[in-house]
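K.L.:
Next up is a structure, given as structure tokens.
In the working numbering, the protein residues as written are 11 to 83.
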């Protein structure tokens, strides 16, 4: 049981790392400031960024719950 939960936790950790790394940054550097990067901060996330944001939240919650479960086993 413990080995199975550990494998699930490793999968959740790798998924969390992958989704965070695939997300675009919050600022686009100096060119983002000049070209109106503030719109991106206050605008609604769309498409792939929204999907990756939701997937990273799910992976983080799964990692947290699996960590708590492993501490109880």
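Cβ coordinates follow ideal geometry from the N, Cα and C atoms, glycine included.
What you are looking at is a predicted structure, and each value in this text was computed from that prediction instead of being measured.
1) In the DSSP assignment, the alpha helix (DSSP H) including residue 77 goes from what residue to what residue?
2) Taking 7 Å as the limit between beta carbons, can you name the residues of its chain near residue 29, skipping five residues before and five after?
3) Mapping the DSSP letters down to three states, classify residue 35 as helix, strand or coil.
4) Would you call the CB atoms of residue 13 and residue 72 closer than 8 Å?
5) Is the beta carbon of residue 15 closer than 8 Å to that of residue 80?
P.N.:
In short:
1) For residue 77, the enclosing alpha helix (DSSP H) starts and ends at 58–82.
2) 62, 65, 66, 69
3) coil
4) no
5) yes
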